[in-house]
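Chains A and B, in that order, give the protein sequences.
Just so we're aligned: the first sequence equals residues 6 to 130 in this note's numbering.
Just so we're aligned: the second sequence equals residues 6 to 130 in this note's numbering.
Right, one structure below, let's go through it.
There are 2 protein chains.
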Amino acid sequence: MHQSIQQHIIALEIAALERWNNGDPDGYLALSSLDVIYIDPFFEQKLEGFKALKEYYERIRGKIHVDHYELLNPTVQLMKDRAVLTFKHCSYCGEKVYKWNCTDVYQLNLQWQIIHTPWSLIENR
Amino acid sequence: MHQSIQQHIIALEIAALERWNNGDPDGYLALSSLDVIYIDPFFEQKLEGFKALKEYYERIRGKIHVDHYELLNPTVQLMKDRAVLTFKHCSYCGEKVYKWNCTDVYQLNLQWQIIHTPWSLIENR
Numbered sequence: 006m007h008q009s010i011q012q013h014i015i016a017l018e019i020a021a022l023e024r025w026n027n028g029d030p031d032g033y034l035a036l037s038s039l040d041v042i043y044i045d046p047f048f049e050q051k052l053e054g055f056k057a058l059k060e061y062y063e064r065i066r067g068k069i070h071v072d073h074y075e076l077l078n079p080t081v082q083l084m085k086d087r088a089v090l091t092f093k094h095c096s097y098c099g100e101k102v103y104k105w106n107c108t109d110v111y112q113l114n115l116q117w118q119i120i121h122t123p124w125s126l127i128e129n130r
Numbered sequence: 006m007h008q009s010i011q012q013h014i015i016a017l018e019i020a021a022l023e024r025w026n027n028g029d030p031d032g033y034l035a036l037s038s039l040d041v042i043y044i045d046p047f048f049e050q051k052l053e054g055f056k057a058l059k060e061y062y063e064r065i066r067g068k069i070h071v072d073h074y075e076l077l078n079p080t081v082q083l084m085k086d087r088a089v090l091t092f093k094h095c096s097y098c099g100e101k102v103y104k105w106n107c108t109d110v111y112q113l114n115l116q117w118q119i120i121h122t123p124w125s126l127i128e129n130r
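Spelled out as structure tokens, the structure:
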């Protein structure tokens with residue numbers, strides 16, 4: 006039972022991520038809850054709520070193009086109707102590779118939704 | 006009821022963070038679950054489990070000294086026995102200021118424990 010929910014969560018993420026990496030935020034928008042909190046290294050303040058997230062995603066729609074990506078070493082910590090997914094995401098754009106630590110906290114409402122999404126860059130040192 | 010749990014979570018975090026900022030990881034160790042997952046920008050891979058976290062914390066025990074800090078704009082997303090705390094953490098060390106996005110996912114076992122802790126640096130741009 007737990008195994009299949011974990012696989013389901015990872016499949017949801019991969020489907021959204023593949024669209025994201027082609028400039029299409031609609032996969033993540035469809036997964037995001039009304040009270041979603043979004044965090045990334047380029048915002049001084051978190052984005053709170055679906056409306057703020059959608060406004061941001063609309064601004065960058067079509068601007069992200071990843072040649073290929075790797076979703077590495079995913080872990081799902083599952084407890085009842087919450088699941089914490091984390092994975093390493095490497096996106097390759099021409100000569101550049103961007104390495105991210107990604108966490109998405111999912112909650113089962115009518116469907117599994119992302120309520121908290123802190124993504125961060127891995128520092129090269 | 007929810008309000009007081011949220012205040013309780015924030016108080017737990019502040020108590021651990023104040024010790025952390027004086028080189029003492031024991032506050033966070035006391036809060037961490039056996040299956041805790043730790044993520045920061047300087048690790049290529051997440052740390053999985055209390056034992057791995059404790060080994061890391063012991064290596065840096067006594068090495069962190071923050072002159073003063075700010076815990077800004079905390080949010081707690083609470084649902085039953087899970088709570089997602091996020092806040093901005095500015096630590097001032099001499100002339101330097103380090104700005105972090107901090108998320109700690111708490112779970113109520115016998116007590117509230119941290120099961121997932123992705124911290125990340127805010128990029129200055």
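Glycine included, every Cβ here is placed at the ideal spot set by N, Cα and C.
- When the Cα atoms are used, ILE44/A and PHE92/B turn out to be separated by approximately 10 Å.
- Within the segment 43–63 of chain A, contact with chain B at the beta-carbon level (separation under 9 Å) is assigned to ILE44, ASP45, PRO46, PHE47, PHE48, GLU49, GLN50, LYS51 and GLU53.
- GLN116/A and TYR33/A have their C-alpha atoms roughly 14 Å apart.
- The bridge partners DSSP lists for TRP117/B are LEU113/B.
- Within a 10 Å sphere around the beta-carbon of ASP109/B sit 16 or more other beta-carbons, which makes this residue buried.
- Within the segment 95–122 of chain B, those residues whose Cβ lies closer than 8 Å to any Cβ of chain A are, in chain order, LYS104, ASN106, THR108, VAL110, GLN112, ILE120 and HIS121.
- The beta-carbon of ILE127/B is placed less than 9 Å from the nearest beta-carbon of chain A.
- Taking 9 Å as the cut-off, the Cβ atoms of LEU83/B and LEU22/B do not count as close.
- Around VAL89/A, the beta-carbon contacts reaching into chain B at under 8 Å are ILE42, VAL110, ILE120 and HIS121.
- One finds nothing in chain B with a Cβ atom closer than 7 Å to the Cβ of ASN26/A; even the nearest lies about 20 Å away.
- Nearest neighbour of ILE15/A by Cα position, chosen from ILE119/A, LEU90/A and HIS94/A, turns out to be LEU90/A.
- Annotation: the segment 54–107 of chain A contains the following complete segments of the alpha helix (DSSP H) (minimum length 4 residues), in chain order: 55–65.
- Here the alpha carbon of ILE42/A sits roughly 26 Å from the alpha carbon of LEU39/B.
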